[in-house]
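Novice: Would you mind keeping the following structure in view while I ask a few things?
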């Protein structure tokens, strides 16, 4: 992820909208110290749920913030594409991921089918969340003591 670039990006967005740190914190429902730590590079890239709150508070597309955070890679033509598969991913992880993305059932919201652009946005966000969850699950398994002994 591009941790060093997200803080200044967030600060620029906040200042463009003439928000103080306290105003953004209140609008996003997160602490002002957390925003300050993100902007100053002390905290690094926030989790997708925090990015969602910030995007909503700043009226910025969530996918744009996820790209800037490094969860979603941008390709040369400007379209977003699923991020690269992490090096630590096993064959089973890759299979699960491929199955998730290839599910061709109609995606709907409130009974209305989503257009291709909305489907792409959802898949981009799901990609970032999928790999984050897989990595957290692997860490948990590695932290658990072996009970077979």
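In this note's numbering, the protein residues as written are 41 to 189.
Where is the CB? At the ideal position from N, CA and C, for every residue including glycine.
1. Do the region 93 to 102 and the region 65 to 81 meet, that is, are 3 or more Cβ pairs less than 8 Å apart?
2. Which value, in whole angstroms, describes the spacing of the CA atoms of residue 54 and residue 63?
3. If you compare alpha carbons, which of 75, 105 and 81 is closest to residue 88?
4. So residue 82 packs on residue 110, CB below 8 Å; how close in whole Å?
5. I'd like the span of the alpha helix (DSSP H) that includes residue 168, first residue to last.
6. Smallest Cα separation from residue 77: which of 56, 48, 93 and 58?
7. Taking the alpha-carbon positions, what's the residue 136 to residue 50 distance?
8. Which value, in whole angstroms, describes the spacing of the CA atoms of residue 101 and residue 134?
9. In angstroms, rounded to a whole number, what distance separates the CA positions of residue 45 and residue 75?
10. Just the Cα atoms here: how many angstroms apart are residue 182 and residue 172?
11. Would you mind reading off the limits of the alpha helix (DSSP H) that contains residue 88?
12. Can you tell me whether DSSP reads residue 101 as helix, strand or coil?
13. Just confirm the distance between the C-beta atoms of residue 112 and residue 164, as a whole number of angstroms; I'd bet it's less than 8 Å.
14. Quick check on DSSP: helix, strand or coil for residue 152?
Specialist: Looking at the atomic coordinates:
1. yes
2. Going by the C-alpha atoms only, they are around 9 Å apart.
3. 105
4. Between residue 110 and residue 82 the Cβ distance is about 17 Å, and since that is not below 8 Å, they are no contact.
5. 156 to 183
6. The option with the nearest alpha carbon to residue 77 is 48.
7. 33 Å
8. 28 Å
9. 14 Å
10. 16 Å
11. 88 to 98
12. coil
13. 5 Å
14. strand
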